[in-house]
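Residue numbers (full-length UniProt numbering): 1 to 359. Since the structure comes first, as structure tokens, the remarks are kept for the end.
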Amino acid sequence: MAVLKVTFTKTRRDKLAQVLWVLNWVSVVTGVTLFSLGLFLKVEIEKRRELMSKEIDSVPNMLICVGLTACAINFLGGKICYDCVDTTKFLRWKLLMLPYIICTFFFTFCILVGALMCYSMRNDLEESLFLGLRDAMRYYKDTDTPGRCYIKRTMDMLQMQFQCCGNGGYRDWFHIQWISNRYLDMTNSEVVERLWSNVEGKYLTNGVPFSCCGLHSPRPCIQHQITNNSAHYHYDYQKEELNLNRRGCRQALLEHYTQIMQSIGLIVLIIWLFEVSVLTGVRYLQTAMENVLRLGDPDSESDGWLLENSIADTARYNFNIIKNLGKCYQVDDDPNIDVPRTSQQAQENVPIKEIPVAR
């Protein structure tokens, strides 16, 4: 029994083919959209590649590939649907229709996977940002080291643009030396004592870079001796709101990328639903046109369906095909196939030649 069988008249078949022709061209536009979204996400990630410990390119690369594939598949689908208005033109595509539908089915599945990957990318991104920001803060002072000379500028621009500070918060700067040794006065006893008091010989302070200062604070920025109340007038760091950015940069970047990926995931999910509806229409058109050819009358009514048999029968049929794939190459069991023949048996099988008699 066919699944979701629908009867089509000649007029309904022609209208279905025309509508699918238009929808396939719309799908070409959606393919360009997928390509653009993947390219946009790739550019956004590349902007802050220095702040990530590993590459997060699987989602944008997949969207780019799926978008290009969508343009090619839907362009071909538009041509097929346009020719399905005429029965004689449909004969050109009859053998290609089923492989085309199967390929389109797997293509729509890839779109769904891409949408789900947009929502599952957060954990990998968070780990990459944590390790990348940690290393960037360590290299903040290395402005004279090749390959690291731009890290300070990158971190400062990040903290000012996203109004964040540190990896998880401003206190992260207390545990690393972010001031280069070239700017330390080694003749100052306080500086030397601070260096000697640290096990690793680092100059640690309870201060943060200037880029951590809040842009909208009414008070001049307090970036040094943050936890020392006596160092500043009318100041209590435990009670009043500090004029530093409280949010960590990892959280800020994670929220930024999560918002982008959720928006892209929603768009991709809508595109997937659209592609599924187009694929369903193409399947109905294919089965309806094949039934017209069986009837032999182009103007007659014909049935279209999604599956010719029930889902269970279709699954069982395909399973049997897969199960019997290798049987055509098997040799029938013969108990004597490996038994060598004796010389007597060989002589018995040799044809006897007749000796001609002289007359």
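All residues carry an ideal CB built from backbone N, CA and C; glycine is no exception. The structure displayed is predicted, hence computed values, not measured ones.
Inset, instruction - With a cut-off of 8 angstroms on the beta carbons, I'd call Leu-254 and Leu-129 a contact; round off their distance for me. - result: Within the sequence shown, residue 254 is the residue found at index 254, counting from 1. Within the sequence shown, residue 129 is the residue found at index 129, counting from 1. Confirmed, Cβ separation roughly 6 angstroms.
Inset, instruction - Starting from Ser-302, follow its DSSP beta bridges and name the residues at the other end. - result: For this step, residue 302 is matched to residue 302 along the sequence shown. Paired residue(s): Phe-8.
Legend entry - C-alpha gap between Ser-27 and Ala-252, whole angstroms: One-based indexing of the sequence shown puts residue 27 at position 27. One-based indexing of the sequence shown puts residue 252 at position 252. Whole-angstrom Cα-Cα distance: 35 angstroms.
Inset, instruction - Return the CA-CA distance between Gln-159 and Thr-280, expressed in angstroms with no decimal places. - result: Here residue 159 corresponds to residue number 159 of the sequence shown, with the count starting at 1. Here residue 280 corresponds to residue number 280 of the sequence shown, with the count starting at 1. The alpha-carbon atoms of Gln-159 and Thr-280 are separated by roughly 50 angstroms.
Inset, instruction - Report yes if the CB atom of Tyr-233 is closer than 8 angstroms to the CB atom of Val-208, and no otherwise. - result: Within the sequence shown, numbered from 1, the residue matching residue 233 stands at position 233. Within the sequence shown, numbered from 1, the residue matching residue 208 stands at position 208. Not closer than 8 angstroms, so no.
Inset, instruction - Report the three-state DSSP secondary structure of Cys-213 (helix, strand or coil). - result: By one-based count along the sequence shown, residue 213 stands at place 213. Strand.
Legend entry - Residues of its chain near Leu-184, where Cβ-Cβ distance is below 7 angstroms and the 5 sequence neighbours each way are ignored: Reading the sequence shown from its first residue, position 184 is the one you call residue 184. Same-chain partners within the cutoff: Val-191, Tyr-203.
Inset, instruction - Report the rounded CA-to-CA distance for Ser-58 versus Asn-123, giving the unit in angstroms. - result: Here the question's residue 58 lines up with position 58 in the sequence shown. Here the question's residue 123 lines up with position 123 in the sequence shown. Their backbone Cα atoms lie some 14 angstroms apart in a straight line.
Inset, instruction - Let me know if Asp-172 comes out buried or exposed under the rule of 16 or more other beta-carbons within 10 Å of its beta-carbon. - result: Along the sequence shown, one-based indexing puts residue 172 at 172. When all chains shown are included, Asp-172 counts as buried.
Inset, instruction - Quick one: residues in its chain with C-beta nearer than 6 angstroms to the C-beta of Phe-162, no 5 flanking neighbours on either side, listed in chain order? - result: On the sequence shown, residue 162 is found 162 positions in, with the first residue counted as 1. The answer, listed in chain order, is Ala-252.
Inset, instruction - Compute the Euclidean distance between the alpha carbons of residue 377 and Thr-88, then round it to the nearest angstrom. - result: Missing from the structure shown is residue 377; the chain here goes from 1 to 359 and no further.
Legend entry - Where Lys-54 falls, given that 16 or more other Cβ within 10 Å makes a residue buried: As a first step, residue 54 must be located in the sequence shown, where it is residue number 54. By the neighbour-count rule (16 or more Cβ atoms within 10 Å), Lys-54 is not buried but exposed.
Inset, instruction - Can you tell me which of the three DSSP states Val-244 falls into? - result: Mapped onto the sequence shown, residue 244 falls at position 244. The residue you asked about is not Val; residue 244 is Leu in the sequence shown. Correct three-state label for Leu-244: strand.
Legend entry - Reduced DSSP category for residue 405 - H, G, I as helix; E, B as strand; rest coil: What the structure shows of the chain is the stretch from 1 to 359, and residue 405 is not part of that stretch, so it cannot be assessed.
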